[in-house]
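Participant: Structure incoming, see below.
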Amino acid sequence: MPMRLPSGKIVIMGGGPAGVFCACGLVELGLKAVIITRPRPFPAWEGMSERPLNSLRHFGFPQTVASLGPLVARKSHWNGNAQIQNREYILNRQTFDRALLRDAKAKGVHIIEGRIEKVVRGAEKWHISYGPQTLTADFLVEARGRESRLGRARMAGDDDHVTAPATSALLKSYHVPFGHSAMTSVAAFPAGWAWYMRDGQGTAILQIFVSSEKGELPSKEGLDQYFSRLTDQLPEAEVWLRDAQAHDNKVSVRTAAAMKTLPVGGDDFLVVGDGSLALDPLSGNGIFYAIGSGLSAVPVINTLMRRPEDKELALQFYRERIDFAFEGGCLMGKEFYASEQRWPEEAFWKRRSIWPPGEEPPPPQTTKTCKRPVVRDGYIELEDVIVCADHPRGVWQVDGVPLVKLLDLIRGGSNDDDNATEFGVDKAQVTSARKWLTVRNITG
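Using my numbering, read the sequence shown as starting at 5 and increasing by one per residue.
Put into structure tokens, the structure is as follows:
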């Protein structure tokens, strides 16, 4: 028998960063959120930049913060140069994801552990089957990462799925002596690039990213031998794997190309995280973008459920955000790949140094005012914004002060004291907003 949930129930399929941040934000707005997820079936590790840590602390995820591994300097071997480039936290994703769910539960999100078998939209509700159980829900959030199916199932045509050259990540785990300190390193080689991690607790992983167009990868039975051939081509592996012993001969494979899938949502569903936008792992910003996706989904869902008349505006806001992030991430990836110039005719590097195709990035946006969808009091609303070179999507307010309205008042001769009274804010907030305009030569 289906389990009928209270009116307004939202089911989030997937318990990663995007799904968890989305669920917690919805609960804060007084909506009922349930996460259905299953533990990762295999070990997974990645590097996390420092930016997401600020979000985890700001939004109150203490157990997740405590789950982070050590912060290490990442050594880069790229285009013949070896240098320290950026810092990153070593993340055991199994540990990290469990901590996320504990924090979410503490915030009032109901967590169900199970494998989703079937999703069907009924006449009025969604029906989500997991094991022998079925839930019904008013709104569905697809947050199962790159394997998300909901957006693809509702695609209108081939143009709705954009992907970079097919890439797969091959991963193998190793035992290393406990005396080996924590570290990460990235290196390029003719067939692709690799990321090596040592956690300082006796575990190391080597992840190799290679082209995986049809026919380029061997069968499952041949993966270990193929992985060995790749490490033979990777000079840094000799140092990385010294004194290391493989856990076993298993090599796990996952897709790793940048991709974007439309539609991102509809009347009663939204796709968040990697299911709508997945960036190239080379950027190192996967967790950051996942958190941002979950946060931005909250006012969109709130608008779709409570102000359905603003559906198109809400979906426009979410779609534009995804398009902007995807374009910026892909152009950044193109620069990264083009900066490795030792093997320009090798298929892996040749394809990626010219993708996405087209001209150079468009010229900087000229400054103008226009109306754009923004987040206001938990909803998506249309407001006057200022568009400029460093903010091509537009800025509505700074420090709580609407910029276009402030600009009109300044041009009318008012001062900061008068404007603070007009907006009902402190003078310091008006000063901050005015300086934002001044440094961009927008006042006057």
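Just so you know, even glycine gets a beta-carbon here, dropped at the ideal spot from N, CA and C.
Because the structure is a prediction, the values reported are computed rather than measured.
Sorted by chain position, which residues of the same chain lie with C-beta nearer than 8 Å to Ile88's C-beta, five sequence neighbours on each side aside?
Facilitator: Taken in chain order, the residues that qualify are Ala77, Arg78, Lys79 and Ser80.
Participant: Report the CB separation of Arg452 from Val391 in whole angstroms; it is logged as a contact under 8 Å.
Facilitator: Any answer about residue 452 is impossible in this case: the structure gives the chain only from 5 up to 448.
Participant: Inspect the beta-carbon positions of Thr188 and Ile94 and report whether they are closer than 8 Å.
Facilitator: Yes, the Cβ-Cβ distance between Thr188 and Ile94 is below 8 Å.
Participant: Nearest by alpha-carbon distance to Ser418: which of Phe340, Ser300 and Arg438 is it?
Facilitator: That would be Arg438, whose Cα lies nearest to the Cα of Ser418.
Participant: Contact check, His179 vs Ala248 under 8 Å by CB: the rounded distance?
Facilitator: His179 to Ala248, Cβ: 7 Å. Contact.
Participant: With distances taken Cα to Cα, identify the nearest neighbour of Pro56 among Ser436, Gly112, Val402 and Ile295.
Facilitator: Checked all of Ser436, Gly112, Val402 and Ile295; the closest Cα to Pro56 is Ile295.
Participant: Where do the ends of the alpha helix (DSSP H) carrying Leu105 lie?
Facilitator: Counting along the chain, the alpha helix (DSSP H) containing Leu105 begins and ends at Arg97 to Ala110.
Participant: Compute the Euclidean distance between the alpha carbons of Trp82 and Lys338, then round it to the nearest angstrom.
Facilitator: Near 14 Å, if we compare the C-alpha coordinates of Lys338 and Trp82.
Participant: Assign Pro406 to one of two classes, buried (16 or more other C-beta atoms within 10 Å of its C-beta) or exposed (fewer than that).
Facilitator: Buried, since its Cβ has 16 or more Cβ neighbours within 10 Å.
Participant: Between the alpha carbons of Gln211 and Trp400, how many angstroms are there, rounded?
Facilitator: Each residue's Cα considered, the two are about 42 Å apart.
Participant: DSSP three-state call for Asp388: helix, strand or coil?
Facilitator: Residue state, collapsed to three classes: strand.
Participant: Buried or exposed for Leu146, please, with buried defined as at least 16 other CB atoms from any protein chain shown within 10 angstroms of its CB.
Facilitator: Correcting the residue type first, residue 146 is Glu in the shown sequence and not Leu. Buried, by the Cβ-count rule.
Participant: The beta strand (DSSP E) with Glu146 in it runs from where to where?
Facilitator: Start and end: Phe143 to Glu146.
Participant: Between the C-alpha atoms of Asp162 and Arg91, what's the straight-line distance to the nearest angstrom?
Facilitator: Because Asp162 carries a pLDDT of 48, less than 50, the predicted location of this residue cannot be relied on, and the following value inherits that uncertainty. Roughly 39 Å separates the two Cα atoms.
Participant: Exposed or buried, Leu75, counting other C-beta atoms within 10 Å across all chains shown (16 or more means buried)?
Facilitator: Counting Cβ neighbours within 10 Å, Leu75 comes out exposed, since fewer than 16 surround it.
Participant: By a C-beta neighbour count over all protein chains shown, 10 Å radius and 16 as the cutoff for buried, is Asn253 buried or exposed?
Facilitator: It is exposed - the Cβ of Asn253 has fewer than 16 other Cβ atoms within 10 Å.
Participant: With a cut-off of 8 Å, do at least 3 Cβ pairs link the stretch 57-68 to the stretch 132-146?
Facilitator: No, the stretch 57-68 does not touch the stretch 132-146.
Participant: Could you check the C-alpha separation between Phe340 and Gly84 for me, to the nearest Å?
Facilitator: Approximately 14 Å between the Cα atoms of the pair.
Participant: Taking 7 Å as the cut-off, is the beta-carbon of Asn289 closer than that to any non-hydrogen atom of the ligand GTP?
Facilitator: Because no ligand of any kind appears in the structure shown, any question about the ligand GTP cannot be addressed here.
Participant: Express the C-alpha separation of Glu54 and Asn96 in angstroms, rounding to a whole number.
Facilitator: Going from the Cα of Asn96 to the Cα of Glu54 covers about 16 Å.
Participant: Going by CA-CA distance only, name the one from Pro396, Phe25 and Ala301 that's closest to Gln369.
Facilitator: Checked all of Pro396, Phe25 and Ala301; the closest Cα to Gln369 is Pro396.
Participant: By the DSSP assignment, the beta strand (DSSP E) with Ser133 in it spans what residues?
Facilitator: Note, Ser133: beta strand (DSSP E), Trp130 to Tyr134.
Participant: Is it true that the CB of Ala260 sits closer than 8 Å to the CB of Pro285?
Facilitator: Cβ distance < 8 Å, so Pro285 and Ala260 count as in contact.
Participant: For Lys218, which of helix, strand or coil comes out of DSSP?
Facilitator: Lys218 falls in the coil class under three-state DSSP.
Participant: Can you name the residues that DSSP bridges to Ile94?
Facilitator: Paired residues: Gly51.
Participant: State the DSSP-derived secondary structure class of Trp353, mapped to helix, strand or coil.
Facilitator: Helix at Trp353.
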